[in-house]
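**Q**
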Amino acid sequence: MLNIAICDDEIDYVNSTADAVMKILSDYEVDISTYTSGIDLINNSTKRIDILFIDIEMPGLNGIETIRKLRVINPSIIVFILTNYTNYMTDVFRVGTFQFLKKPLRVDDLKYDLLRAVELYKHEHYKIKIKENDNIRLIDISKIRYLEVYQKELKFRLLKEEIIIRGKIAEYEEILQMYGFAKTHKSFLINMAYIKRIGQNELELEGVNELIPLSRNYKDTLLSAFNKYLMEKTV
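Residues 1277 to 1511 (this note's numbering) are what the sequence shown spells out, left to right.
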């Protein structure tokens, strides 16, 4: 199930966008939720949002601030900006916009980018298999904040739990680097989708209280990988 949210204070645009999305994704299992303000979206959205279509100019809470609030709890949202304004371009890309769409929206203009967004969603929600005690678990990689070598074992840090298994970080490094992960230290592999701040010797991740060490040996490689990651996330 692909969860799509549409947020615009003009109901005609909400309806026309929903119609266009349903037409393009007729072969997919899709759930569309609609909202007429950023406040409405923040207060009433109970589902995980995978793809968001949002206007910038809205009363109360504008589109940019709404996106910032949503990214705190779900930084992997794929965002389409719907607007007639171009004076927000700097802010649009600071919040990690996938595509900028001008109103009125045309199905032919949207089709290529929406299908590309769906492929990105599939890529980012790849699952890895781990063995925890005698159980096999499938973990959505988008839920992983970081991996840490922990007392000769391997810790997977998720938002609400930690999973400690027998294994080596090298077993997961190659595959996870294909999906937006990078090493910050010989003992840490982080999900770049959650990077909040990069400092001299440490970095912060969204949803993680502890600081992640950043080794000199890995800093240049991390910065290069992060810049590439950001470019691939936008137009």
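C-beta atoms are modelled at their ideal positions from N, C-alpha and C, and glycine is treated no differently.
(1) Specify whether the region 1392–1407 and the region 1448–1464 touch according to this definition: at least 3 beta carbon pairs, one from each stretch, less than 8 Å apart.
(2) Give a yes or no on contact between the region 1283–1299 and the region 1341–1358, applying the rule of three or more CB pairs nearer than 8 Å.
(3) For Ile1352 versus Ser1418, is the C-beta distance shorter than 7 Å?
(4) Mind checking which residues open and close the alpha helix (DSSP H) that includes Asp1295?
(5) Measuring only the C-alpha atoms, how far is Phe1457 from Asp1295?
(6) Since Thr1322 is in the alpha helix (DSSP H), which residue starts that stretch and which ends it?
(7) Measuring alpha carbon to alpha carbon, tell me which of Phe1374, Leu1414, Asn1411 and Glu1341 ends up nearest Asp1326.
(8) Pull up the CB-CB distance for Ile1488 and Leu1481, whole angstroms please, since I reckon it's below 8 Å.
(9) Output yes or no for whether 7 Å exceeds the beta carbon distance between Leu1452 and Lys1459.
(10) Within a Cβ cutoff of 8 Å, which residues of the same chain sit near Tyr1289, ignoring the five residues on either side of it in sequence?
(11) Give the DSSP-derived three-state secondary structure of Leu1506 in the structure shown.
(12) For Ile1488, write down the residues that DSSP places opposite it in a beta bridge.
(13) Leaving out five residues on either side along the sequence, give the residues of the same chain with a beta carbon under 6 Å from the beta carbon of Tyr1311.
(14) Quick check: Glu1438 and Lys1428, are their CB atoms within less than 7 Å of each other?
(15) Just tell me which of Val1425, Ile1441 and Leu1346 has its CA closest to the CA of Tyr1470.
(16) Residues in its own chain within less than 8 Å of Phe1502 by CB, not counting five upstream and five downstream?
**A** With the structure as the only source:
(1) yes
(2) yes
(3) Correcting the residue type first, residue 1352 is Ser in the shown sequence and not Ile. In this structure, Ser1418 lies closer than 7 Å to Ser1352 by Cβ.
(4) Ile1287 to Ile1300
(5) 36 Å
(6) Run containing Thr1322: none; DSSP gives neither H nor E here.
(7) Phe1374
(8) 6 Å
(9) no
(10) Asp1331, Leu1358, Lys1379, Pro1380 and Leu1381
(11) helix
(12) Leu1479
(13) Cys1283 and Leu1317
(14) no
(15) Leu1346
(16) Ala1458, Met1468, Ile1471 and Ile1474
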